[in-house]
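Going left to right, the sequence shown walks through residues 17 to 399 as this note's numbering numbers them.
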Amino acid sequence: MFHTSYIEISRKAYRNNIRYLKNIIGKDTIFSSVVKGNAYGHGVENVIPLAEEAGISHFSVFSAKEANDALKVMSPHSQVMIMGMLDDAEIEWAIKNDIQFFVFEMDRLHKSLEAARMLKKKARLHIEVETGFHRTGFEYDTVKELVGYLKQERAHFEFEGLCTHYAGAESLANYLRIRNQITLYRKFSRYFTRHNLIPRLRHTAGSASALIYPNTIMDMVRFGISQYGFWPSPETHMFRFRKDVKETNPLKRMLSWKSKVMVVKTVEKGKFVGYGSSFLANKRIKIAIIPVGYANGFSRALSNTGRVLIRGRRVPVIGTVTMNTMTVNVTDIPNVERGDEVVIIGTQNRMSISISSFCEMSEQLNYQLLTRLPADIPRFIVK
Ligand SMILES: Cc1ncc(COP(=O)(O)O)c(C=O)c1O
Numbered sequence: 017m018f019h020t021s022y023i024e025i026s027r028k029a030y031r032n033n034i035r036y037l038k039n040i041i042g043k044d045t046i047f048s049s050v051v052k053g054n055a056y057g058h059g060v061e062n063v064i065p066l067a068e069e070a071g072i073s074h075f076s077v078f079s080a081k082e083a084n085d086a087l088k089v090m091s092p093h094s095q096v097m098i099m100g101m102l103d104d105a106e107i108e109w110a111i112k113n114d115i116q117f118f119v120f121e122m123d124r125l126h127k128s129l130e131a132a133r134m135l136k137k138k139a140r141l142h143i144e145v146e147t148g149f150h151r152t153g154f155e156y157d158t159v160k161e162l163v164g165y166l167k168q169e170r171a172h173f174e175f176e177g178l179c180t181h182y183a184g185a186e187s188l189a190n191y192l193r194i195r196n197q198i199t200l201y202r203k204f205s206r207y208f209t210r211h212n213l214i215p216r217l218r219h220t221a222g223s224a225s226a227l228i229y230p231n232t233i234m235d236m237v238r239f240g241i242s243q244y245g246f247w248p249s250p251e252t253h254m255f256r257f258r259k260d261v262k263e264t265n266p267l268k269r270m271l272s273w274k275s276k277v278m279v280v281k282t283v284e285k286g287k288f289v290g291y292g293s294s295f296l297a298n299k300r301i302k303i304a305i306i307p308v309g310y311a312n313g314f315s316r317a318l319s320n321t322g323r324v325l326i327r328g329r330r331v332p333v334i335g336t337v338t339m340n341t342m343t344v345n346v347t348d349i350p351n352v353e354r355g356d357e358v359v360i361i362g363t364q365n366r367m368s369i370s371i372s373s374f375c376e377m378s379e380q381l382n383y384q385l386l387t388r389l390p391a392d393i394p395r396f397i398v399k
């Protein structure tokens with residue numbers, strides 16, 4: 017009641033994905049479950065308990081706010097790591113709460129160690145190094161100063177990790193860039209080792225790099241999109257199965273997003289459907305209005321492009337997606353009526369719809385559409 021759509025989260029699919037991914041990284045590598053962006057739209061309060069059930073006890077988030085949300089549902093034995101934004105004012109809070117965090121510039125490092133000294137509690141640091149992504153990370157030309165300072169302040173921090181992030185490992189076009197990043201990371205790593213600063217964990221990989229470049233796996237992998245059953249890109253999928261085309265997809269989407277038909281009506285030949293003139297009926301058609309629009313997380317970019325399932329058939333979105341509705345063409349489906357189930361992502365009868373089946377923009381859409389799913393759409397865990 018009171019919602020125009022709902023989301024089902026499959027425990028079975030999640031377990032399947034974790035099994036597959038754990039098998040790839042081996043038992044000596046820690047699986048960090050990336051639960052930023054409200055667990056890629058799946059709901060952090062759903063995913064963390066499922067992950068813990070599957071034996072995962074390390075979680076990666078972007079910000080202090082997300083770490084705080086994770087803490088509310090995490091077991092006290094689990095760890096949370098902030099990979100991005102932490103305001104100066106949040107550093108003490110992070111140290112007090114045993115939260116691990118990335119440090120990627122001197123100012124944050126100084127403030128973290130000052131806070132640790134003041135609190136008489138070690139800061140749990142992951143030192144992020146810049147290897148070519150050019151977002152955050154210490155540059156190689158600062159490594160001498162960095163290592164000197166860290167050695168001098170050794171009593172005030174736990175050296176939890178030495179890490180970096182790759183610039184688009186999901187696209188084979190970035191092959192050279194990724195290879196250079198691996199080489200530079202190794203150079204950093206050797207420098208730290210030579211100076212007797214040994215991190216507890218070396219970690220560089222997210223889903224795509226772990227799936228394509230086995231030498232990026234190291235001591236921990238930060239798995240985001242793939243744990244939720246999505247390939248980072250069609251290339252990643254193809255790369256894994258280039259030798260055995262008969263292999264079925266081992267990743268199972270754990271999220272289904274469903275709504276129902278609000279209105280069914282006919283539109284005469286020669287009439288435009290919806291705002292503006294992006295869809296012209298070239299014959300008499302039957303349309304269904306679905307009460308899900310861009311305010312509900314269904315991107316406007318899917319106007320005239322998206323697909324949904326009704327009565328086990330795939331039907332196209334026609335016209336522009338509006339704030340609260342989309343319109344689909346149901347001309348070929350007999351008996352479609354108000355109240356019929358609509359699957360926006362997921363399976364109906366034997367038909368399946370994934371975001372990536374929409375179009376070539378799919379990689380962007382996977383991440384974007386999932387993380388834009390509003391937190392207030394009700395989510396239910398199903399078998
Ligand atoms: C630093 C970092 N590590 C890991 C990930 C997880 O990436 P993926 O969802 O491709 O597995 C992200 C996601 O953007 C990230 O920013």
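Note that the Cβ used here is the ideal one computed from N, Cα and C, for glycine as well.
**Q.** Rounded separation between V60 and L66 - CA only
**A.** 10 Å
Q) For K39, which of L227, G153, H142 and P248 has the nearest alpha-carbon? A) Just to set this straight, residue 39 is Asn in the shown sequence, not Lys. Checked all of L227, G153, H142 and P248; the closest Cα to N39 is L227.
**Q.** Coil, strand or helix - S49 by DSSP
**A.** strand
Q) So, using beta-carbon positions, are V283 and Y201 closer together than 8 Å? A) no
Q | Residue from F149, G177 and G164 with nearest C-alpha to A139 | A | G177
Q) Tell me which same chain residues have a C-beta within less than 6 Å of the C-beta of G53, skipping the five on either side of it? A) T387
Q: Check whether the Cβ of P250 lies closer than 7 Å to any heavy atom of ligand 1, and answer yes or no.
A: no
Q. From the beta carbon of N190, is the nearest beta carbon of chain D less than 8 Å away?
A. No chain D appears in the structure shown, which is made up of a single protein chain.
Q.
Here's a check: name, in chain order, each residue in its chain whose Cβ is nearer than 7 Å to the Cβ of T252, leaving out the five neighbours to either side.
A. E186, A224, L227 and I228
Q: Tell whether a beta-carbon distance below 8 Å holds between S94 and E68.
A: yes
Q | Alpha carbon of R395 to alpha carbon of L162, nearest angstrom | A | 45 Å
Q. Who does N345 pair with in a DSSP beta bridge?
A. I303
Q.
My output table needs one value for W247: the three-state DSSP class, helix, strand or coil.
A. coil
Q. Which class does G362 belong to by DSSP, given the choice of helix, strand or coil?
A. strand
Q.
Would you call the segment 353-373 in contact with the segment 316-328, where contact means no fewer than 3 C-beta pairs closer than 8 Å?
A. yes
Q) Do you know how far the Cα of P307 is from the Cα of F18? A) 12 Å
(Q) Tell me which residues share the same chain as K85 and place their Cβ nearer than 7 Å to its Cβ, disregarding the 5 neighbours each side in the sequence. (A) Reading the sequence as shown, one finds Asp at residue 85 and not Lys. Result list for D85: V60, in chain order.
Q) Cβ of A131 within 8 Å of Cβ of F173? A) no
Q) For Y411, does the three-state DSSP call read helix, strand or coil? A) This structure does not reach residue 411, given that the chain is present from 17 up to 399, and the question cannot be answered.
Q.
Is the beta carbon of T152 closer than 8 Å to that of F120?
A. yes
Q: With distances taken Cα to Cα, identify the nearest neighbour of R238 among F255, L213 and H219.
A: H219
Q.
Is G12 near ligand 1 - that is, is its Cβ less than 7 Å away from at least one heavy atom of it?
A. The chain is shown only over 17 to 399; residue 12 falls outside these bounds and no answer can be derived.
Q. Using a threshold of 7 Å, is the CB atom of R388 nearer than that to any non-hydrogen atom of ligand 1?
A. no
Q. Three-state secondary structure (DSSP) at L386?
A. helix
Q. Counting along the chain, where does the beta strand (DSSP E) carrying M134 start and finish?
A. Not the beta strand (DSSP E): M134 falls in the alpha helix (DSSP H), residues M122 to L135.
Q. Is the closest heavy atom of ligand 1 to the C-beta of M99 under 7 Å?
A. yes
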